[in-house]
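What follows is one structure encoded as structure tokens, with my remarks underneath.
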Amino acid sequence: MSDIIHLLPDSVANQIAAGEVVQRPASAVKELLENAIDSGATDIQLIIKDAGRTLIQVIDNGCGMSVPDARMSFERHATSKIREATDLFSIHTLGFRGEALASIASIAQVELKTKRLADELGTHIIIEGAVFKKQEPCACEVGTSISVKNLFFNIPARRNFLKSNTVEFSRIIDEFNRIALIYPNVGFSLFNNGKMVYQIPSSGLKQRIVNLFGSLYNERLLPIEQSTDIVNINGFIVKPEFSRKTKGEQYLFVNKRFIKHAYFNHSIEESFRDIIADGSFPGYFLNFEVDPANIDINIHPTKTEVNFLDGKIIYTILKSTIKQCIGKFTLSPTLDFENNAPFDIPYFPNNRPVSAPSINLNPNYNPFKQTESQFSNNQRSQSGGLPYSFVTELSDEQKIPLDENLILQGMQKDETDHESVQLDIRNIFQLHLRYIVTPVKSGLLIIDQQLAHERILYERLQNTIKNHSGASQQLLFPVTVDLLASDAELIQDLKSELFLLGFDLIEIGNNQFEIVGLPANLSNEEPRYLIEGILESYKSNMLEFHADRRTVLIRAMARNMCIQSGKKLKSEEMQSLIDELFACSIPDKSPSGKPVLTIISQEELMARFK
13 MSDIIHLLPD SVANQIAAGE VVQRPASAVK ELLENAIDSG ATDIQLIIKD
63 AGRTLIQVID NGCGMSVPDA RMSFERHATS KIREATDLFS IHTLGFRGEA
113 LASIASIAQV ELKTKRLADE LGTHIIIEGA VFKKQEPCAC EVGTSISVKN
163 LFFNIPARRN FLKSNTVEFS RIIDEFNRIA LIYPNVGFSL FNNGKMVYQI
213 PSSGLKQRIV NLFGSLYNER LLPIEQSTDI VNINGFIVKP EFSRKTKGEQ
263 YLFVNKRFIK HAYFNHSIEE SFRDIIADGS FPGYFLNFEV DPANIDINIH
313 PTKTEVNFLD GKIIYTILKS TIKQCIGKFT LSPTLDFENN APFDIPYFPN
363 NRPVSAPSIN LNPNYNPFKQ TESQFSNNQR SQSGGLPYSF VTELSDEQKI
413 PLDENLILQG MQKDETDHES VQLDIRNIFQ LHLRYIVTPV KSGLLIIDQQ
463 LAHERILYER LQNTIKNHSG ASQQLLFPVT VDLLASDAEL IQDLKSELFL
513 LGFDLIEIGN NQFEIVGLPA NLSNEEPRYL IEGILESYKS NMLEFHADRR
563 TVLIRAMARN MCIQSGKKLK SEEMQSLIDE LFACSIPDKS PSGKPVLTII
613 SQEELMARFK
């Protein structure tokens with residue numbers, strides 16, 4: 013029997029390695045931008061076509077390469093960053109493995125032009141599928157220009173797994189932001205399909221955040237700075253009131269390398285506990301400066317996971333630093349132990365006459381005497397243990413005309429009995445500014461006001477977009493919004509659907525839009541935050557639900573336009589909400605499938621008091 017184990021050809025080995033290093037166009041962008049940074053560039057251009065499928069080009073003004081180095085850079089495990097194993101624990105560069113260019117060249121058509129300051133001519137190299145096609149001298153600028161064309165041209169199956177251009181470009185934006193954020197001293201430009209997306213000059217970190225995320229962040233950031241023998245922490249956190257319902261503003265770096273670290277992220281979230289709403293995520297842009305000997309960055313192909321020797325200590329330092337920052341800027345109640353102001357205690361002289369307090373008594377008052385009407389109205393909430401501050405009551409005269417069969421639509425048969433559910437609505441209460449509570453014949457009906465309104469809006473918006481009946485109300489003063497580049501692309505992608513729903517948006521600059529009209533009958537929402545919230549929910553729903561984009565958009569709009577928990581409702585508003593809810597086709601479920609209402613039966617209530 014012949015031998016069956018053999019060495020793989022370099023082209024095959026490189027394609028296998030590319031499966032780990034280059035999963036999508038954004039992966040190639042990350043590797044090329046890191047090489048440009050390591051070259052000492054002070055100006056970097058990124059040019060994208062067709063979300064990186066057709067072209068990814070990075071142009072820098074770094075040190076460039078000699079003729080031998082230019083050719084050697086495409087060989088596997090060829091690098092200028094390290095020479096021996098011990099160098100792995102003193103790395104100050106972003107790249108060090110020598111795999112990226114070899115992997116990219118094995119699955120794309122690559123063109124390289126590079127020149128050093130000391131050379132008269134540069135070097136021009138063309139590689140296709142790991143095969144060198146050409147190498148010759150050329151005239152070019154100092155630095156390096158590398159073009160990656162037709163990514164995965166020789167692996168059609170990999171191309172089929174790529175998402176839409178909008179999604180893939182959004183991932184490219186993510187990688188671009190991770191590099192551009194932490195190197196504010198470097199100027200960056202980004203072009204997509206011939207259109208300039210970003211042109212960012214060198215600046216400080218705060219200005220770089222503003223340039224990437226919009227002018228609103230100029231007032232949203234709080235500086236963080238802490239120096240210890242173990243770690244130096246610097247950067248910014250986002251004020252708690254601007255926390256978001258989706259992740260996207262969490263940027264953590266170690267020695268200017270972007271990392272994902274659940275342990276440290278937990279430390280930051282714990283620092284914001286009880287300050288931000290449940291289900292919200294704090295924003296932060298933080299860099300750790302740590303001795304390279306105390307971390308291991310060689311544990312993941314993308315180098316985004318890092319082991320820390322002093323992880324537990326850094327966790328504590330990080331949590332303490334953020335809490336101190338929040339307290340310093342008086343965003344949460346704190347005690348000032350340095351304030352030595354004396355207590356204001358009134359002084360009375362010893363010879364001051366003492367008078368007995370006057371007490372007025374009503375001899376006819378009986379604390380146990382109540383009329384029936386008083387009990388049925390005013391005392392009902394107290395007998396149920398509901399404090400007045402959490403209850404809004406509807407008077408007896410106000411009745412809600414409801415068909416009792418509506419409450420049964422969509423509900424499970426075993427949950428309610430048709431004979432026992434008869435609405436006997438004489439009182440409506442708002443409980444904890446979140447639930448609407450009303451007695452029914454079978455027990456107690458409880459409705460989640462936010463989910464109920466979300467269901468109402470969802471079905472209303474469905475009919476609007478189906479019938480093309482969306483009315484727009486023009487704003488007296490148009491509102492300008494600065495968006496992330498990925499969100500600007502998303503707006504362009506959804507522009508027709510947004511128009512059908514009543515939004516009137518005009519692009520006025522790079523990633524800048526003017527809101528001139530909103531859906532009619534919209535509550536008093538701040539247009540800027542409404543658009544931001546809809547885009548956040550849309551992106552979250554795209555990952556969570558497998559549905560067409562119109563359904564996802566409508567669900568996102570309903571979630572952001574609905575009445576929120578914590579809002580006090582008037583009696584008329586609660587009545588209207590119940591009427592509209594039971595007019596829906598599915599009144600008992602929210603668009604995401606959560607229960608909107610429940611009935612606590614009389615039997616269950618009685619059982620609780622046995």
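All residue numbers for the sequence shown refer to the numbering used here, where the first residue is 13 and numbers rise by one. Glycine included, C-beta positions come from ideal geometry on N, C-alpha and C.
The beta carbon of ASN572 sits closer than 7 Å to those of LEU542, GLY545, ILE546 and SER549, all from its chain and outside the five residues before and after it, given in chain order. Comparing alpha-carbon positions, the option among PRO294, PHE265, ILE116 and GLU584 lying closest to THR258 turns out to be PRO294. From the listed residues ILE334, LEU593 and GLY323, the smallest Cα separation to GLU281 is found for ILE334. For GLN262, the closest of LEU193, SER227, VAL209 and LEU589 by C-alpha to C-alpha distance is LEU193. If the five residues before and after LYS601 are omitted, its C-beta is found closer than 8 Å to the C-beta atoms of GLY422, ARG467, PRO607 and VAL608, all from its own chain and listed in chain order. Inter-segment contact for the segment 72-91 and the segment 225-242 is absent: fewer than three beta-carbon pairs are separated by less than 8 Å.
Contact between GLY134 and LYS145 is ruled out by a C-beta separation of about 17 Å, above the 8 Å threshold. Under DSSP, MET208 forms a beta bridge with PHE203. DSSP lists ILE138 and SER159 as the bridge partner or partners of GLU123. Within the DSSP bridge table, the entry for ILE458 names VAL449 and THR610 as partners. Looking only at ASN230, ALA48, LYS622 and PRO235, the smallest Cα-Cα distance to ASP494 is reached by ASN230. Contact check for VAL160 and ILE68: beta-carbon distance about 4 Å, within the 8 Å limit, so the pair qualifies.
With a 10 Å radius around the Cβ and a threshold of 16 neighbouring Cβ atoms, VAL302 comes out buried.
The beta carbons of ILE518 and VAL491 sit no closer together than 8 Å.
Contact check for ASN244 against ILE236 fails: the beta carbons are separated by 8 Å or more.
Within the segment 506-576, the runs of beta strand (DSSP E) at least 3 residues long that lie entirely inside it are, in chain order, 516-521 and 524-531. Counting the other Cβ atoms within 10 Å of the Cβ of HIS136 gives 16 or more, which makes it buried.
Going by C-alpha positions, ARG36 is about 38 Å away from PRO531.
Boundaries of the alpha helix (DSSP H) harbouring VAL179: 177-194, taken from the DSSP string. For TYR470, the CB contacts under 7 Å within the same chain, skipping 5 residues up- and downstream, are ILE566, ARG567, ALA570 and PRO603 in chain order.
The DSSP assignment places complete alpha helix (DSSP H) segments of no fewer than 4 residues inside the segment 299-348 at 323-340, in order along the chain. The C-beta of ILE16 has fewer than 16 other C-beta atoms within 10 Å across all chains shown, which makes the residue exposed. Rounded to whole angstroms, the separation of the alpha carbons of VAL122 and GLU132 is 23 Å. Ranked by Cα distance from GLN442, the first of ILE249, ILE309, GLU585 and PHE181 is GLU585.
Beta bridge pairing from DSSP links CYS150 with GLY134. Our two residues, THR476 and ALA40, have alpha carbons roughly 42 Å apart in a direct line. It is roughly 19 Å from the alpha-carbon of LEU487 to the alpha-carbon of SER508. Listed in chain order, the non-local C-beta contacts of SER292 below 7 Å within the same chain comprise SER255, ARG256 and LYS257, local neighbours out to five positions each way being set aside. Between the segment 142-156 and the segment 458-467 there are fewer than three C-beta pairs closer than 8 Å, too few to call the two in contact. ILE309 sits away from PHE320, with the two beta carbons spaced by 8 Å or more.
Relative to the Cα of ILE119, the nearest Cα in the group ASP81, MET84, VAL34 and GLY52 belongs to VAL34. Sequence-distant Cβ neighbours of LEU106 in its own chain, meaning closer than 7 Å and more than five residues away, are GLU46, ILE49, ASP50 and ARG269. In the displayed model, GLY64 falls within a helix according to three-state DSSP. In the same chain as MET554, and ignoring 5 residues on each side of it, the C-beta atoms closer than 7 Å to its own belong to VAL564, in chain order. Of ILE138, ALA142, ILE103 and ALA38, the smallest CA-CA separation from SER115 is found for ALA142.
Of the residues GLN474, LYS61 and ILE271, the one whose Cα lies closest to the Cα of GLY206 is LYS61.
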